[in-house]
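First residue of the sequence shown: 11, per this note's numbering; consecutive thereafter.
Following: one structure in structure tokens, then a few remarks.
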Amino acid sequence: MKKIVLVLLFLGNIWALNLNDIPNTMQDNINQSLKLLQTHKDKTLVANEIFKLFDNTIDYKLMAKLSLSKNYDKLSKQEQDQFSKAFELSLKKSFTDKLNLYKDQILKVKNGELKNEKRYFLTTSIIDNGEEKNIIFKFYNKNNDWLIYDVDILGVSIIQTYRSQFGDILSNQGFEALLQKLKGIIIK
Numbered sequence: 011m012k013k014i015v016l017v018l019l020f021l022g023n024i025w026a027l028n029l030n031d032i033p034n035t036m037q038d039n040i041n042q043s044l045k046l047l048q049t050h051k052d053k054t055l056v057a058n059e060i061f062k063l064f065d066n067t068i069d070y071k072l073m074a075k076l077s078l079s080k081n082y083d084k085l086s087k088q089e090q091d092q093f094s095k096a097f098e099l100s101l102k103k104s105f106t107d108k109l110n111l112y113k114d115q116i117l118k119v120k121n122g123e124l125k126n127e128k129r130y131f132l133t134t135s136i137i138d139n140g141e142e143k144n145i146i147f148k149f150y151n152k153n154n155d156w157l158i159y160d161v162d163i164l165g166v167s168i169i170q171t172y173r174s175q176f177g178d179i180l181s182n183q184g185f186e187a188l189l190q191k192l193k194g195i196i197i198k
């Protein structure tokens, strides 16, 4: 869980990115985030500042859609909007709650790979207790802007993890139960 928190720290930028700017912009934002974490005690304030750095590079709506897979298209437009907003808020709440786990780990951009004309994977490494582990930020091209749509943490996709959890809830309890669970996370 500690690793997930650190990854969520570094999910974006103030504006969408050009392909060639991704590595440097991400490293700059990572560095600013680490400095915020090291110099401020109020984790809610820190989280809000980090969100300002990263929000516009993360496509929360696409992440929400991917996390529901085929079930997203079965929802009405109003339900999709409700879910997307609840998904974003719950992700941010989870991130904020876990900021206390940060203990001076180092996160560095290693390299990027253009998978095809629409996909780019940025590999970063996290150094925790002397051990290096990879985190991959997955970007897609949306009108020549590159946005994050998923993150692989130690080989595990955040979206696939949510898809599995959400699929179980949808199958057993339905959409309203899933929405209420997300809203419950936000309130706590």
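Idealized CB from N, CA, C, for every residue including glycine.
Note that this is a predicted model, so its numbers are computed, not measured.
- Residue state for Y112 is assigned as coil, using DSSP reduced to three classes.
- Taken atom to atom, the span from the alpha-carbon of L27 to that of E186 is near 35 Å.
- Boundaries of the beta strand (DSSP E) harbouring K148: 141 to 152, taken from the DSSP string.
- Here S94 carries a helix assignment [DSSP, helix/strand/coil].
- For S181, no beta strand (DSSP E) segment is defined; the enclosing uninterrupted segment is the alpha helix (DSSP H) at 168 to 182.
- Per DSSP, L72 is one residue of the alpha helix (DSSP H) stretching across 70 to 78.
- Between I116 and the set E142, K95, K103, the nearest pair of CA atoms involves E142.
- Shown here for I179: same chain residues with a beta carbon closer than 7 Å to its own, the five before and five after excluded, namely A187, L188, K191 in chain order.
- Nearest to L164 by alpha-carbon distance, out of Q170, Q183, I146, is I146.
- In the DSSP annotation of this structure, S86 is not part of any alpha helix (DSSP H), being labelled neither H nor E.
- When the five nearest sequence neighbours on each side are left out, the beta carbons in the same chain lying within less than 7 Å of the beta carbon of I137 are those of Q115, I116, in order along the chain.
- For secondary structure counted as the alpha helix (DSSP H) over 4 or more consecutive residues, the stretch 42 to 66 holds these complete runs in sequence order: 53 to 64.
- Within the model, the alpha-carbon separation for V56 versus K193 is close to 22 Å.
- Cα atoms of H50 and S181: separation of roughly 43 Å, rounded to the nearest angstrom.
- Contact annotation: S79 and R173 have beta-carbon atoms nearer than 8 Å.
- Per DSSP, D31 lies in no beta strand (DSSP E) and is assigned neither H nor E.
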